[in-house]
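For the sequence shown, the numbering used here begins at 3 and goes up steadily by one.
We put the CB at the ideal spot given by N, CA and C, even for glycine.
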Amino acid sequence: DPYARITEFKQLVSAYHEEGIRIVMDVVYNHMHSLRNNDFEQIVPNYYFRYGPDGAPSNGSFCGNDFDSTRRMSRKFIVDSIKMWMKEYHVDGFRFDLMGIMDIETMNEIVREAKKINPSVFLHGEGWNLPTMLAEHKKATMGNQAALYGVAQFNDFFREHVKGKSSDYELGVCGYGTGDLNYRLAIPACLCGSAVVKEGYVTLFDTPQKSTNYIECHDNATVWDKMKNCCSEEASGVRIARQKMMTAMVLLAQGIPFLHSGQEFCRTKNGVTNSYASPDSVNRLDWDRKDRYLYVSDYVRDVIQLRKSHSEFRLKTTKEIEERVSVVIQENDLLVYTIKGSEPRETVRVLINPTNKPIVYRCKGLYRLILDNKGMCKTEEKSVFTVPELSLCVIER
């Protein structure tokens, strides 16, 4: 019953809104599997799809035929579709699959029209530079982010340096959070939303609100499955500590935190990486696993609550970050991420210990511990703290 699908989806969105949860919908406007039997091709042959100089269909996605978003009616279809989902279903935002295949002008028109309907609409996408038949300066890629307004990008620099390499043939390559501390110098830029212009920092964005920070999504291995490759000699408890530390880094970095559903309880896809065609036994959420790792889920919930209650972790501009944030890596490898506080706080400080041994941190003045490796807490003021191995602590004064 197709009408039931329409009604039930509207009811679903409405029910989430009643609970204060907004819906961001995944959209794939950039490519289509079949060309010959496609309705667009049937309506106007050789118009809606992108072709190379030799007349061959462009396939920058490696998944099918690239939709030509630069065509007037192609662009109109995409923009009208976005408006329909917002007006009819009250969807609050969109995640654009392989956004780099689309063009900048189309994305900017989407932003303009979507904000007319909902000024707080959330838009982000995969800005990978793929070999579609479109001039480089027209692609909606991460490299062209300055020309895109109000669109965030998935930050693969954050992913690759915090977690380690993600491709199938590099699953054994560790990152900062999985044991290779040679990546330490990249972490300050990651914590600053890759938006700060500073010597030694990689700058990807002109505002932290364009950085979607993540270590795991539906593509590639989950963090848990990757660690079975790159941290295979470690005990389960050690890998759990790493999972908690890296997830907390995502949540407390400047920019937009992104968690893959189930990441909060060490989700596994049983070693399957590209699971788009896998059965439910691979892609389903295993709620028994949620019960098994409830203490991990509770910890993640606490870190989310800390982020929500402390605006220091949600600075909106590069200027604010440059004025209020400093990141120092000590000789003992303890990373000290300091943010000048907002009233009534003077300073918030995140202490990250990526090593396999506890580290004692001494600070000038008195601080309270408000988050440790078990979750939210509140201790008496003191000036000496022990940061457990493979963990993250937050102190404030």
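**OP:** Look up Met-34 in the DSSP assignment and give the residues it is bridged to.
**Re:** Asn-67
**OP:** Say yes only if the C-beta of Asp-105 is nearer than 6 Å to one or more non-hydrogen atoms of the ligand FAD, and no if none qualify.
**Re:** You won't find the ligand FAD in this model; it holds no ligand whatsoever.
Subject >> Cα-Cα separation, Val-329 to Ser-299 >> reply: 28 Å
Original post:
Which two residues bound the contiguous alpha helix (DSSP H) that contains Arg-364?
Top reply: Here Arg-364 belongs to no alpha helix (DSSP H); instead the beta strand (DSSP E) covers 361 to 374.
Subject >> Asn-40 versus Asp-68, Asp-182 and Glu-90, residue with shortest Cα-Cα distance >> reply: Asp-68
**OP:** Jot down the residue ranges of each uninterrupted beta strand (DSSP E) in the segment 109 to 164, minimum 3 residues, whole runs only, in chain order.
**Re:** 124 to 127 and 154 to 157
Original post:
Is it true that the segment 244 to 259 meets the segment 186 to 206, where meeting means three or more beta-carbon pairs spaced less than 8 Å apart?
Top reply: yes
Original post:
Looking only at C-alpha atoms, which of Tyr-339, Lys-271 and Ala-250 sits nearest to Gln-307?
Top reply: Ala-250
Subject >> Buried or exposed by the 16-neighbour rule on C-beta atoms within 10 Å, applied to Lys-246 >> reply: buried
**OP:** Might you give, ordered along the chain, the residues of its own chain that have their beta carbon closer than 6 Å to the beta carbon of Asp-182, omitting 5 neighbours on each side?
**Re:** Cys-176
Original post:
Grouping DSSP H, G and I as helix and E and B as strand, with all else coil, what is Leu-14?
Top reply: helix
Original post:
Do you know whose CA, among Gly-102, Asp-288, Val-327 and Val-284, lies nearest Ser-63's CA?
Top reply: Gly-102
Original post:
Assuming Thr-270 contacts Asp-170 under a Cβ cut-off of 8 Å, what Cβ separation, rounded to an integer in Å, is found between them?
Top reply: The Cβ separation is near 16 Å, so there is no contact.
Subject >> Sequence ranges, beta strand (DSSP E) only - wholly within the segment 292 to 368, length at least 3 >> reply: 327 to 331, 337 to 342 and 349 to 355
Original post:
Does the distance from the C-beta atom of Ala-142 to that of Met-104 stay below 7 Å?
Top reply: yes
Subject >> the segment 360 to 369 / the segment 283 to 295 touching (three or more Cβ pairs under 8 Å) >> reply: no
Original post:
Counting only runs that start and end within the segment 193 to 217, where is the beta strand (DSSP E) found for 3 or more residues in a row?
Top reply: 213 to 215
Original post:
Which residue from Asn-120, Pro-59 and Leu-206 puts its Cα closest to that of Trp-130?
Top reply: Leu-206
Subject >> Alpha-carbon spacing of Asp-282 relative to Ser-263, whole angstroms >> reply: 15 Å
**OP:** List the endpoints of the continuous alpha helix (DSSP H) containing Arg-77.
**Re:** 74 to 91
Subject >> Own chain residues within Cβ distance below 8 Å of Asp-335, not counting five before or after >> reply: Leu-183, Arg-186, Asn-355, Pro-356, Thr-357 and Ile-361
Original post:
What residue does the beta strand (DSSP E) around Arg-244 start on, and which one ends it?
Top reply: Where Arg-244 is concerned, there is no enclosing beta strand (DSSP E), although the alpha helix (DSSP H) it sits in stretches over 238 to 254.
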